[in-house]
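Novice: Protein chains in written order, with the working numbering: chain A, 163 to 339; chain B, 163 to 339.
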């Protein structure tokens, strides 16, 4: 940990329907890593077999970016399993938060399991409120519940102005994943 | 370069009054670097003596993140010099774009010299339009001119919903710079 003494950790929330929520969380992770801070990103949706740009980069950097989900779940045929995986990711998140070992804990796409009703927003806020006070937390995902917006210190809405998928251009490796 | 053949490079624009414009550009850079792509970020405002989280990280990664400005220029007493530095940064940008050596070229905070009247938006668009077609470009900064929005493929507005500075909390190293 770096200059953690007396620091008040902030809760940052990146929401909205546009690009850049997870990407900006990665940028925070990169900057903090540059400063020698200890960081971790737990991913609620990306599946454990995924190996996207951020996973390859994290490996090279020696940083933990851990996909713990099953991919986007609206295609899923096994909701009980999805729910159990989201709970397991949440329990891991609570362990990391409570440990006080990290300068920054990123909970990527956590809004989805909350929206699906798999995590209780009150339980999430309680865990954030009772974390060691120096720990910064970054939360990402669309449709953040109002309670999370109210609780967070810094909230940004990534708003889609123009998206190339609508012009028939597919997602680009490196640029988008 | 990675899988560049036949790729149509996109122009990504992160604008708006909220956090995350440069930070998401750093996330793109990190992902692309993870995939072995060649990336560069030229910074129009950050001063060459600055050594923020992104510069420390870039050094560790062996990536070029180059501050070429003089800091925020509304405090400046030497506007001719600021303008000359913005032009020099732009000329460097044109060289990097034209070279075709990069998978991704990030022009960080380029909207400000355009807004200040130091760079002509038509000249910027001409250079983007005539770049080698596989090169992705990421542009950041508030108040993007409409011509840039119209030209870009993917435009996101980072909108400030809540900012802790307004509660008297200062910017946090690692998290914000």
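C-beta atoms are modelled at their ideal positions from N, C-alpha and C, and glycine is treated no differently. Owing to the predicted nature of the structure, the values given are computational and were not obtained by experimental measurement.
Could you please give me the residues that DSSP links to residue 209 of chain A through a beta bridge?
Specialist: A:231
Novice: Do residue 270 of chain A and residue 199 of chain A come within 8 Å of each other at the CB atom, strictly closer than that value?
Specialist: Not closer than 8 Å, so no.
Novice: Quick one: which chain B residues come within Cβ less than 9 Å of residue 203 of chain A?
Specialist: Neighbours of residue 203 of chain A across chain B, judged by C-beta separation under 9 Å, do not exist; the nearest C-beta is about 11 Å away.
Novice: Quick one: which unbroken alpha helix (DSSP H) runs of 4-plus residues sit fully inside the segment 256–332 of chain A? Chain order, please.
Specialist: Taking 4 residues as the minimum length, the alpha helix (DSSP H) runs contained wholly in the segment 256–332 of chain A are 273–277, 283–291, 308–313, in order along the chain.
Novice: Grouping DSSP H, G and I as helix and E and B as strand, with all else coil, what is residue 163 of chain A?
Specialist: A caution first: residue 163 of chain A carries a pLDDT of 48, below 50, which makes its placement in the model unreliable, though a value can still be read off. Three-state DSSP puts residue 163 of chain A in coil, outside helix and strand.
Novice: Short of 8 Å Cβ to Cβ, which residues in the segment 311–337 of chain B face chain A?
Specialist: 311, 314, 315, 316, 317, 318, 319, 320, 321, 322, 323, 324, 325, 326, 329, 331, 334, 335, 336, 337
Novice: Got a sec, what are the start and stop residues for the beta strand (DSSP E) residue 175 of chain A sits in?
Specialist: Judged by DSSP secondary structure, residue 175 of chain A falls within the beta strand (DSSP E) whose first and last residues are 173–177.
Novice: When burial is assigned at 16 or more other CB atoms within 10 Å of the CB, is residue 240 of chain B buried or exposed?
Specialist: exposed
Novice: Verify the CB distance criterion: does residue 197 of chain A have a CB-CB separation below 8 Å to chain B?
Specialist: yes
Novice: May I ask you to report which of helix, strand or coil DSSP gives residue 338 of chain B?
Specialist: coil
Novice: Tell me residue 204 of chain A's beta-bridge partners as DSSP assigns them.
Specialist: A:228, A:269.
Novice: How would you label residue 331 of chain A, buried or exposed, when you count the other beta carbons within 10 angstroms and need 16 or more for buried?
Specialist: exposed
Novice: Which first and last residues belong to the alpha helix (DSSP H) in which residue 181 of chain A is found?
Specialist: From DSSP, residue 181 of chain A is part of no alpha helix (DSSP H); its letter is neither H nor E.
Novice: Determine the direct distance from the alpha carbon of residue 197 of chain B to that of residue 163 of chain B, and round the result to whole angstroms.
Specialist: The predicted position of residue 163 of chain B is uncertain, since its pLDDT is 48 and thus under 50; no value can be drawn from it.
Novice: In three-state terms, what does DSSP make of residue 244 of chain A?
Specialist: helix
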